[in-house]
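Enquirer:
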Amino acid sequence: MTASAHCVEVLIAEADPWTSNLLQQLVLDVCGDARVLQVNDGQAALARCKRRLPDLVIADGELPGLDGLELLRQLRRHPRTPALPFVLISGRLDASSVRAARPLAPSAYLAKPFNAESLRQRLRTLLPAPAASVTVRQPLLLSELRDYLDTVREEGQGAPLLSDVRNAVSQGLQAGEQDLGELEAVFGSDPQITALLIAAASTAAQHQGVPCHTLTQALQRLGVARTLNLVLGLALQRNAQLRDPRLAELAAHTWQQARRSAELARWLALELKLDAELCYTAGLLHNLGELALLRSLQDWLEAGGELSNEQIDDAMLRRSASFGSALRIRWRLPFGLRELIAALYGLGSGVFSREALVLNLTGLLLALPNNELPASLVEARCVRMLRLDPALLERVPVALYQAS
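In this text, residue positions in the sequence shown follow the UniProt record's numbering: the first is 1, and each later residue adds one.
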């Protein structure tokens, strides 16, 4: 393969955010234009390497799940990765641990706590200078898009989605165990989240006659469940920002569908005095598979794969549902929430919660042709089972069910 310039990629696998950020800074001190990828567990690191090989891996030896040594062992087993530079930082300095690592030939085996200056010097020998030309690496471990997508769907914790989506879902599922002080500590360092929450709390519905200027005030007005749903929405919106214009357009449309579904389901639930935030969550997550699939296709392109318009259309048609199912099961979404998500697509037989019927009505409203009004759904099964007042259908805001 011919030599050509490319952006140096460094993968940092470190569970502690402070240490991960320190390692990132050390890498950028040596190679200022490097692209640094940060993951917090070994499975995510292995999944990322399978999609695209970095130029260097820096891993904590005591990672949760798949530890750093096992990550190194897995990578060395593959014929395309035996020479991949790998720095292992471990608290295990006994003779048996060092002997176990030696046959795997790590580029460096550093003790905890590591010396920053010593590591910086070591990185200078492992990373090219910022302006240097390097040989383009073999990027893909799988040569067929079909095999690649099958592997990604089965990997880890829903690998193609950004980690903050998974974190936001996890926080939402633990909403009953969190208080506002904990949320302020978690979100206070993210200016985009802070701005979003203050803006949401300052809307007419939340205003209560007093302007909202701080995150503390915003959290008190929004409450735990509403706050976590807004953060989840922002995480999904960030995840929909892709580089390829074809995929970016599809991802933006998919995100808008999620947002509209969530807002409409919440409006209906509030009108019926049901669990509005649960309905909002289901609306946000109903097309999770499409977002995960689109990010996987973007990763395929960035790893050097080719992607035609026909392949995009076929993947979206045939694989979105399986990606979504895999994520919802792997993330252990409660059955009740999965039931709500499924109801947006249709009702089978059995007994349904009123929230599930709201989600089904949401799906029907969003599918209405532009020349039809919500009142045309008065005989729909979900409307009859909800014993809905026809006047409520007439009050549904047009902006919630019709795309602009």
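Every residue gets a Cβ at the ideal spot worked out from N, C-alpha and C, and that includes glycine.
Is it buried or exposed for residue 286, if we count other Cβ within 10 angstroms and need 16 for buried?
Expert: Buried.
Enquirer: What's the gap between the Cα of residue 282 and the Cα of residue 291?
Expert: When rounded, the distance between both Cα atoms is 15 Å.
Enquirer: Just curious, the beta strand (DSSP E) that residue 302 is in, first and last residue?
Expert: Not the beta strand (DSSP E): residue 302 falls in the alpha helix (DSSP H), residues 288-302.
Enquirer: Excluding the 5 residues preceding and the 5 following residue 392 in the sequence, name in chain order all residues of the same chain whose CB lies nearer than 7 Å to its CB.
Expert: Within the same chain, residue 392 has close Cβ partners 271.
Enquirer: Taking its Cβ as the centre, do 16 or more other Cβ atoms sit within 10 Å of residue 10, making it buried, or is it exposed?
Expert: Classification of residue 10: buried, given that the 10 Å Cβ count is 16 or more.
Enquirer: Quick one: is residue 278 buried, meaning 16 or more other Cβ sit within 10 Å of its Cβ, or exposed?
Expert: Looking at its Cβ environment, which holds 16 or more other Cβ atoms inside 10 Å, residue 278 is buried.
Enquirer: Residue 335 by DSSP, collapsed to three states: which one?
Expert: Note: residue 335 maps to helix in three-state DSSP.
Enquirer: With DSSP run on the structure shown, which of helix, strand or coil describes residue 452?
Expert: Examination of residue 452 is not possible in this model, given that the chain is present from 1 through 404 alone.
Enquirer: With DSSP collapsed to three states, give me the class of residue 20.
Expert: In this structure, residue 20 counts as helix in the three-state DSSP scheme.
Enquirer: Hey, how far is the Cα of residue 211 from the Cα of residue 54?
Expert: In a straight line, the C-alpha of residue 211 is about 48 Å away from that of residue 54.
Enquirer: Since residue 35 sits in a beta bridge, which residues does DSSP pair it with?
Expert: Residue 35 pairs with 9.
Enquirer: Verify the CB distance criterion: does residue 267 have a CB-CB separation below 8 Å to chain C?
Expert: Absent from the structure is chain C; it holds one protein chain and no more.
Enquirer: Nearest-angstrom Cα distance between residue 297 and residue 255?
Expert: Whole-angstrom Cα-Cα distance: 16 Å.
Enquirer: Classify residue 189 as helix, strand or coil using the three-state DSSP reduction.
Expert: Coil.
Enquirer: Please return the same chain residues whose Cβ sits closer than 7 Å to the Cβ of residue 274, not counting the five positions on each side in sequence.
Expert: For residue 274, where only same-chain residues beyond five positions count, the Cβ hits under 7 Å are 354, 355 and 358.
Enquirer: Would you kindly work out how many angstroms separate the C-alpha atoms of residue 323 and residue 251, rounded to a whole number?
Expert: Taking the straight line from one Cα to the other gives about 15 Å.
Enquirer: In terms of residues, what are the limits of the alpha helix (DSSP H) holding residue 361?
Expert: Start and end: 354-366.
Enquirer: Specify the secondary structure class of residue 118 as computed by DSSP and reduced to three states.
Expert: Looking at residue 118 - three-state DSSP - the assignment turns out to be helix.
Enquirer: Under 8 Å, do residue 67 and residue 42 count as touching if we go by C-beta distance?
Expert: Result yes, Cβ atoms of residue 67 and residue 42 sit closer than 8 Å.
Enquirer: Near residue 83, which residues of its chain fall below 7 Å by C-beta distance, leaving aside the five closest residues on each side in sequence?
Expert: No residues qualify anywhere along the chain.
Enquirer: Once DSSP output is grouped into helix, strand and coil, what is the label at residue 389?
Expert: Coil at residue 389, not helix or strand.
Enquirer: Mapping the DSSP letters down to three states, classify residue 217 as helix, strand or coil.
Expert: In this structure, residue 217 counts as helix in the three-state DSSP scheme.
Enquirer: Who pairs with residue 111 in a beta bridge, going by DSSP?
Expert: In the DSSP output, where bridge partners are listed per residue, residue 111 has 90.
Enquirer: Whose CA, out of 366, 94, 288 and 246, lies closest to the CA of residue 235?
Expert: Among 366, 94, 288 and 246, the Cα nearest to that of residue 235 belongs to 288.
Enquirer: Alpha carbon to alpha carbon, how far is residue 49 from residue 136? Give it in angstroms, no decimals.
Expert: Model confidence at residue 136 stands at a pLDDT of 43, short of 50, so the residue's coordinates are unreliable and nothing is read from them.
Enquirer: Kindly confirm or deny that the segment 63-77 and the segment 87-106 touch, where touching means at least three C-beta pairs closer than 8 Å.
Expert: The segment 63-77, when compared against the segment 87-106, does touch it at the 8 Å Cβ threshold.
Enquirer: Assign residue 18 to one of two classes, buried (16 or more other C-beta atoms within 10 Å of its C-beta) or exposed (fewer than that).
Expert: Classification for residue 18: exposed.
Enquirer: Consult DSSP for residue 59 and reduce its assignment to one of helix, strand or coil.
Expert: Correct three-state label for residue 59: strand.
Enquirer: Are the beta-carbon atoms of residue 244 and residue 180 separated by less than 8 Å?
Expert: Not in contact: residue 244 and residue 180 (Cβ atoms no closer than 8 Å).
Enquirer: Which one of 284, 385, 154 and 20 has the shortest CA to CA distance from residue 114?
Expert: Residue 20 is the option with its Cα nearest to residue 114.
Enquirer: Is there contact here, the segment 306-315 with the segment 364-378, by at least three beta-carbon pairs under 8 Å?
Expert: Touching, no, given that fewer than three Cβ pairs across the two stretches are closer than 8 Å.
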